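Take a look at the structure set out below.
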Amino acid sequence: QINPTNICTLDCKFCAFATIDKNDPKAYEMTIDEIIEKAKYAVLQGATEVHIVGGLHPDWRFDDYLNIIKELKNNFPNLHIKAFTAVEIDYLSSLSKLSYEETLIALKEAGLGSLPGGGAEIFSPRVRRMIAPEKIGWKKYLKIHKTAHKLGLKSTTTMLYGHVETVEERVDHILKIRAAQDETGGFTCFIPLAFQPENNNLGKTEHTSGIDDLKTIAVSRLLLDNVPHIKSYWVMLGEKIAQIALNFGADDMDGTVMEEKIAHFAGAKSPTEQQKERLIKLIKEADKIPVERDTLYNPIKIYE
1419 QINPTNICTL
1429 DCKFCAFATI
1439 DKNDPKAYEM
1449 TIDEIIEKAK
1459 YAVLQGATEV
1469 HIVGGLHPDW
1479 RFDDYLNIIK
1489 ELKNNFPNLH
1499 IKAFTAVEID
1509 YLSSLSKLSY
1519 EETLIALKEA
1529 GLGSLPGGGA
1539 EIFSPRVRRM
1549 IAPEKIGWKK
1559 YLKIHKTAHK
1569 LGLKSTTTML
1579 YGHVETVEER
1589 VDHILKIRAA
1599 QDETGGFTCF
1609 IPLAFQPENN
1619 NLGKTEHTSG
1629 IDDLKTIAVS
1639 RLLLDNVPHI
1649 KSYWVMLGEK
1659 IAQIALNFGA
1669 DDMDGTVMEE
1679 KIAHFAGAKS
1689 PTEQQKERLI
1699 KLIKEADKIP
1709 VERDTLYNPI
1719 KIYE
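Terminal number for the sequence shown in the working numbering: 1722, no gaps in between.
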């Protein structure tokens, strides 16, 4: 995972990663050379995908974001580039004065392979007013993803739970995703993201319980009959709950992450990196067969 910058025009209450102040000691922005070097390290470790998400930098132009994709594709033509959440696509559209479709076409032509699902949080307008009042609403989020799907770009989708939302609002969120999937079939995976409560302005201090995590995975699997995969994201859940979740409806224990920043800024206690051998062991201990796959869920290798 590459996070090119944490400088962001938004001030989401739940976010411990971003800063709106460029002079903040934790503020950073990567150069193209630094991004390429990080991708090179990942490729040498066997990575088949680079996942790029970051802040909405007030000084970067559309071409700056476009060049990240172009340079990565030029240097690593076989690397799948999953980049820019719907929130970032909306921002790039405003920078470029292009429609969502035109923005996505330009990115696809530069080498974009698929979209990550971040930025969904909880679709409820009540919740969004509390945790991310400046962020795009659920209608724009789904419009961007459906537009990407119609252009042949697959995407994942997410739900951030365990903060100020109700169970009913979680269900409504999942059902909206289900309806969108009925239209396009472009979501490859649903990723429930457990809220990490440290270093943010939301005021919530408790982590989700293991029971809540497992129930959320199970309900997601039951409701999203049209989304092929449910992710047990060990970065947010921790290894043990993520492992148990493989018997509660999850079938994807993603991933061999080289460096994860966003959840760890918010207090995630899981490792910042994960090796393939460790994941294989965890999956086998859950009495499952590990299958290494690419971004689009094509099998690469089965570990019997």
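Just so you know, even glycine gets a beta-carbon here, dropped at the ideal spot from N, CA and C.
Here the structure is a predicted model, which means the values were calculated and not measured.
Of the listed residues the options, nearest to residue i (C-alpha basis)
| i | options | result |
| --- | --- | --- |
| Gly-1473 | Ala-1434, Lys-1491, Arg-1588 and His-1498 | Ala-1434 |
| Ile-1438 | Glu-1452, Asp-1451 and Thr-1423 | Thr-1423 |
| Lys-1491 | Phe-1541, Gly-1529, Gly-1628 and His-1625 | Gly-1529 |
| Leu-1714 | Ala-1457, Asn-1421 and Glu-1467 | Glu-1467 |
| Asp-1712 | Gln-1614, Met-1671 and Ser-1638 | Met-1671 |
| Ile-1592 | Val-1461, Ile-1523, Trp-1556 and Leu-1620 | Trp-1556 |
| Ile-1648 | Arg-1639, Leu-1655 and Gly-1656 | Arg-1639 |
| Thr-1634 | Glu-1527, Ala-1663, Cys-1426 and Asn-1618 | Ala-1663 |
| Arg-1546 | Phe-1502, His-1475 and Leu-1620 | Leu-1620 |
| Glu-1520 | Lys-1568, Lys-1500, Ile-1499 and Pro-1534 | Lys-1568 |
| Ile-1453 | Pro-1610, Ser-1517, Asn-1485 and Asp-1669 | Asn-1485 |
Counterpart residues of residue i in DSSP-defined beta bridges
| i | result |
| --- | --- |
| Met-1577 | Pro-1610 |
| Thr-1437 | Ile-1425 |
| Arg-1711 | Pro-1717 |
| Asp-1631 | Paired residues: none, contrary to the question. |
| Phe-1605 | Ser-1573 |
| Lys-1500 | His-1469 and Ser-1532 |
Within 9 Å, strictly: CB atoms of residue i and residue j
| i | j | result |
| --- | --- | --- |
| Ser-1542 | Glu-1583 | yes |
| Arg-1758 | Leu-1642 | Shown here, the chain extends from 1419 to 1722; a query on residue 1758 therefore has no answer. |
| Lys-1553 | Gly-1531 | no |
| Phe-1605 | Ala-1598 | yes |
| Leu-1525 | Leu-1510 | yes |
| His-1581 | Phe-1432 | yes |
| Ala-1445 | Ile-1425 | yes |
| Pro-1708 | Ile-1718 | no |
| Met-1448 | Ile-1420 | yes |
Integer-rounded CB distance, given that residue j should sit under 8 Å from residue i
| i | j | result |
| --- | --- | --- |
| Ile-1562 | Ala-1504 | 4 Å |
| Asp-1508 | Lys-1558 | 6 Å |
Residue i: first and last residue of the uninterrupted beta strand (DSSP E) it sits in
| i | result |
| --- | --- |
| His-1563 | Counting along the chain, His-1563 falls outside any beta strand (DSSP E), though it belongs to the alpha helix (DSSP H) covering 1556–1568. |
Cutoff 9 Å: residue i Cβ touching any chain C Cβ
| i | result |
| --- | --- |
| Ile-1487 | Included in the structure is just one protein chain, with no chain C present. |
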